[in-house]
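Colleague: Throughout the sequence shown, residue numbering follows the working numbering, covering 346 to 720 in sequence.
All C-beta atoms, glycine included, are put in the ideal place defined by N, C-alpha and C.
As the structure is a prediction and not an experimental result, all values here were calculated from the model.
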Amino acid sequence: MMNEQATPPTSGDDVSPHSPVDWAVWEQEHFVPVIQAAEADGPDRFAWLLAVLLWDAKLPSLSVEDWSVIADRGLRAVRRLGDGAGEARLLECVGMGHARVNRLTESLRCHQQALEIRSQLGDRRGEASSTNLLGIVHLHRRELSAAEEHFTRALALFEEFGERHRAAMTLANLSSTRCAAGRVDEAEADARRALEIHRALGARRSVGNALRQLSVIHRERGETEAALACAEEAVALAVDLRSETLEGYWLLALGKAQRAAGRVEEALASFHRAADLHARSGNRSREAMAWQAVAQVLLDGGRRSEAADLAGRAASVHRGLDDPWHEALALICLADATPGEEAQEHRERAVHLLSPYPDERAATMRRTIGGSGLQ
346 MMNEQATPPT
356 SGDDVSPHSP
366 VDWAVWEQEH
376 FVPVIQAAEA
386 DGPDRFAWLL
396 AVLLWDAKLP
406 SLSVEDWSVI
416 ADRGLRAVRR
426 LGDGAGEARL
436 LECVGMGHAR
446 VNRLTESLRC
456 HQQALEIRSQ
466 LGDRRGEASS
476 TNLLGIVHLH
486 RRELSAAEEH
496 FTRALALFEE
506 FGERHRAAMT
516 LANLSSTRCA
526 AGRVDEAEAD
536 ARRALEIHRA
546 LGARRSVGNA
556 LRQLSVIHRE
566 RGETEAALAC
576 AEEAVALAVD
586 LRSETLEGYW
596 LLALGKAQRA
606 AGRVEEALAS
616 FHRAADLHAR
626 SGNRSREAMA
636 WQAVAQVLLD
646 GGRRSEAADL
656 AGRAASVHRG
666 LDDPWHEALA
676 LICLADATPG
686 EEAQEHRERA
696 VHLLSPYPDE
706 RAATMRRTIG
716 GSGLQ
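Shown next as structure tokens:
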């Protein structure tokens with residue numbers, strides 16, 4: 346299938362023959378023309394399977410634009426074949442790609458389409474996967490009740506099928522949802538159960554995700570050393586796995602733990618690295634979260650003008666992404682860095698943006714903003 350000249354090297358310092366990530370990074374430039382050829386000349390099966398393979402390789406260098414070209418060609422091919430199971434699998438990959446760059450409406454649509462196909466096919470394991478992924482999109486949109494409902498349903502299905510790894514992944518998602526709602530005790534129990542299972546299975550990516558979640562929980566309780574230990578282990582795993590996406594996300598938790606511990610320069614370094622990694626991957630939402638986190642550290646040090654600039658940039662990005670929750674968080678930071686009536690305007694907008702959210706954490710934030718000078 347591949348041209349002989351496209352064979353990856355099998356020795357040398359640049360590429361390890363034992364690493365599928367190294368192989369896929371080297372081969373990436375060849376995938377688009379191969380899929381183009383498969384779409385033009387057949388067989389279609391190669392086009393959609395190559396698209397799934399490239400997604401599953403989780404390449405740190407794969408841009409959203411490159412993936413979109415490949416995925417579109419793969420979808421056209423699998424639909425010509427009339428392969429419903431294949432179409433659902435590729436739609437799942439496309440949905441995760443959209444979520445990676447905060448295109449949540451598109452992501453939701455892909456996962457809903459995949460779920461509908463799998464339901465028609467009687468593929469209950471596929472339904473469990475799609476249901477879990479829909480929960481993730483609802484979580485990112487801060488639709489916490491819908492997220493919890495989807496995760497609970499997916500967890501029951503995974504446990505019914507004896508899929509311990511995926512059940513534990515769903516438990517970690519439940520933990521994130523409950524923590525976001527301020528239900529920290531439940532969140533900790535879910536995260537610890539997930540971590541125990543993942544360690545037993547040797548699932549290192551999932552171990553790191555559970556550790557990141559536990560770091561958040563420990564930090565909220567003021568358990569700074571525990572928060573640092575969990576986040577440091579998670580980031581070390583991401584580096585070892587050579588996943589810039591995971592490293593960037595987990596660095597946000599590490600930086601916040603470092604800030605809580607008073608390790609200012611380390612926190613700034615973590616947040617700057619996170620911003621760079623998210624910019625490289627095209628995740629503007631998480632890049633903006635990193636810049637807001639930098640702003641918080643600068644504000645701690647009295648550097649109000651610099652903090653206001655970064656917080657304002659973050660708020661603008663979140664507004665453009667139609668993410669009212671994170672826009673509100675950035676505006677709160679901007680208000681703290683801004684004097685007088687302008688700060689009042691930012692707080693008023695933040696309260697307005699937070700008003701649709703019924704959970705206790707949102708209610709607490711609204712009360713806190715009111716206590717900070719909102720008239």
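(1) Extract the residue ranges of the alpha helix (DSSP H) inside the region 475-525, only unbroken runs of 4 or more that lie entirely within it.
(2) Going by DSSP in three states, Ala682 sits in which element: helix, strand or coil?
(3) So what's Glu568 in DSSP terms, helix, strand or just coil?
(4) Tell whether a beta-carbon distance below 9 angstroms holds between Ala433 and Ile462.
(5) If you scan the region 402-470 from start to end, which runs of the alpha helix (DSSP H) of 4 or more residues do you find wholly inside it?
(6) Can you check which of these residues, Leu613, Leu484, Ala430, Asn554, is closest to Glu592 by C-alpha distance?
(7) Indicate whether Ala499 and Thr515 have their beta-carbon atoms separated by less than 9 angstroms.
(8) What would DSSP say about Ala708, mapped onto helix, strand or coil?
(9) How far does the alpha helix (DSSP H) with Asp535 in it extend, from its first residue to its last?
(10) When DSSP labels each residue in this structure, what does Leu666 get in the three-state scheme?
(11) How far does the alpha helix (DSSP H) with Arg631 in it reach, from first residue to last?
(12) So, at 6 angstroms on beta carbons, what are the nonlocal neighbours of Val662 in its own chain, with the 5 sequence-adjacent residues on each side left out?
(13) Looking at C-beta atoms only, is the number of pairs between the region 579-595 and the region 604-614 that lie closer than 8 angstroms three or more?
(14) Return the chain-ordered ranges of every alpha helix (DSSP H) run that is complete within the region 568-633 and spans a minimum of 4 residues.
(15) By alpha-carbon positions, which one of Arg390, Trp400, Phe496, Arg706 ends up nearest to Gly427?
(16) Going by Cα to Cα distance, which pick from Ser413, Gly480, Ala430 is closest to Ala759?
(17) Going by CA-CA distance only, name the one from Phe503, Arg557, Ala675, Glu541 that's closest to Asp654.
(18) Between Val580 and the rest of its own chain, which residues show a CB-CB distance below 7 angstroms, the 5 nearest in sequence each way excluded?
(19) Can you tell me which of the three DSSP states Ser661 falls into?
(20) Would you decide whether Arg712 is buried or exposed? Buried here means 16 or more other CB atoms lie within 10 Å of its CB.
(21) Whole angstroms is fine: what's the gap from Arg706's alpha carbon to Gly419's?
(22) Compute the Euclidean distance between the alpha carbons of Leu540 and Ser650, then round it to the nearest angstrom.
(23) Here's a check: name, in chain order, each residue in its chain whose Cβ is nearer than 7 angstroms to the Cβ of Phe496, leaving out the five neighbours to either side.
(24) Between Ala536 and Thr709, what straight-line distance do the alpha-carbon atoms span, to the nearest angstrom?
(25) Suppose you measure from the CA of Ala605 to the CA of Arg538; what does that come to, to the nearest Å?
(26) One question on the structure: do Arg487 and Ala525 come within less than 9 angstroms of each other, judged by their Cβ atoms?
(27) Report buried or exposed for Ala545, applying the criterion of at least 16 other Cβ atoms within 10 angstroms of its Cβ.
(28) With distances taken from CA atoms, which of Gln465, Ala571, Asp468, Val482 is nearest Ser452?
(29) So the candidates are Glu533, Arg550, Ala548; which of them puts its Cα closest to the Cα of Glu568?
(30) Out of Gly547, Glu589, Ala492, Glu494, state which residue places its alpha-carbon closest to the alpha-carbon of Arg509.
(31) For Ile714, which residues of its own chain have a beta-carbon under 7 angstroms away from its beta-carbon, when the five flanking residues on both sides are left out?
(32) Taking only beta-carbon atoms, is Ala612 less than 9 angstroms away from chain C?
Modeller: So, from the data block:
(1) 489-505, 509-525
(2) coil
(3) coil
(4) yes
(5) 409-426, 429-445, 449-466
(6) Asn554
(7) yes
(8) helix
(9) 529-546
(10) coil
(11) 629-645
(12) Arg629, Ala633
(13) no
(14) 569-586, 589-605, 609-626
(15) Arg390
(16) Any answer about residue 759 is impossible in this case: the structure gives the chain only from 346 up to 720.
(17) Ala675
(18) Glu592, Trp595, Leu596, Leu599
(19) helix
(20) exposed
(21) 42 angstroms
(22) 41 angstroms
(23) Asn477, Gly480, Thr515, Asn518, Leu519, Thr522
(24) 24 angstroms
(25) 26 angstroms
(26) yes
(27) exposed
(28) Val482
(29) Glu533
(30) Gly547
(31) Ile677, Arg692, Ala695, Val696
(32) Of the protein chains in the structure, only one exists, and it is not chain C.
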